[in-house]
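The sequence shown begins at 189 in the working numbering and counts up one residue at a time.
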Amino acid sequence: MELGDTVFDLELLGIGKDGHVASLFPNAPTLWETRRALPAEPGLEPFVDRVTLSIPALNSAREIVFAVSGGEKAEAVRRAFASPPGPETPSSLVRGLNGSTIAILDRAAAAKLQA
Numbered sequence: 189m190e191l192g193d194t195v196f197d198l199e200l201l202g203i204g205k206d207g208h209v210a211s212l213f214p215n216a217p218t219l220w221e222t223r224r225a226l227p228a229e230p231g232l233e234p235f236v237d238r239v240t241l242s243i244p245a246l247n248s249a250r251e252i253v254f255a256v257s258g259g260e261k262a263e264a265v266r267r268a269f270a271s272p273p274g275p276e277t278p279s280s281l282v283r284g285l286n287g288s289t290i291a292i293l294d295r296a297a298a299a300k301l302q303a
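Here you go:
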């Protein structure tokens with residue numbers, strides 16, 4: 189299915205310790221896909237078949253909310269929100285193009301962000 193005119197009103201996303209989002213893993217070929225939904229290779233356990241949305245599909249949402257907790261994700265949060273976007277941190281590529289992007293972080297997850 190191509191992207192088309194359908195968009196989500198709200199997306200609630202997390203970030204993995206490696207910076208992945210929505211089964212889009214670092215430097216994976218799926219990061220360059222433009223189809224709306226696509227199969228994804230598992231980048232960590234459980235190693236099961238996965239389906240994910242593409243970066244363009246995720247970015248078309250009206251509101252994107254990242255909810256992240258834990259110090260083990262602090263480096264990934266820094267790369268996602270305080271470093272240039274790139275395929276090594278897929279969550280850095282997800283930003284609302286038609287609305288807002290909000291990050292809700294606990295102190296531990298935000299520990300490596302500058303005030």
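By construction, the Cβ of each residue, glycine as well, lies at the ideal position given by its N, Cα and C atoms.
Source: prediction; values computed, not measured.
- Taking Glu263 as the centre and dropping the five residues before and after it, the same chain places the C-beta of Lys300 closer than 7 Å to its C-beta, in chain order.
- Shown here, Val239 sits in a strand according to DSSP, grouped into three states.
- Check the Cα spacing between Ile243 and each of Phe213, Lys261, Pro272, Gly258: the tightest is with Phe213.
- Judged by DSSP in its simplified three-state form, Ala228 adopts strand.
- As the crow flies, the alpha-carbon of Ala296 is around 14 Å from that of Gly204.
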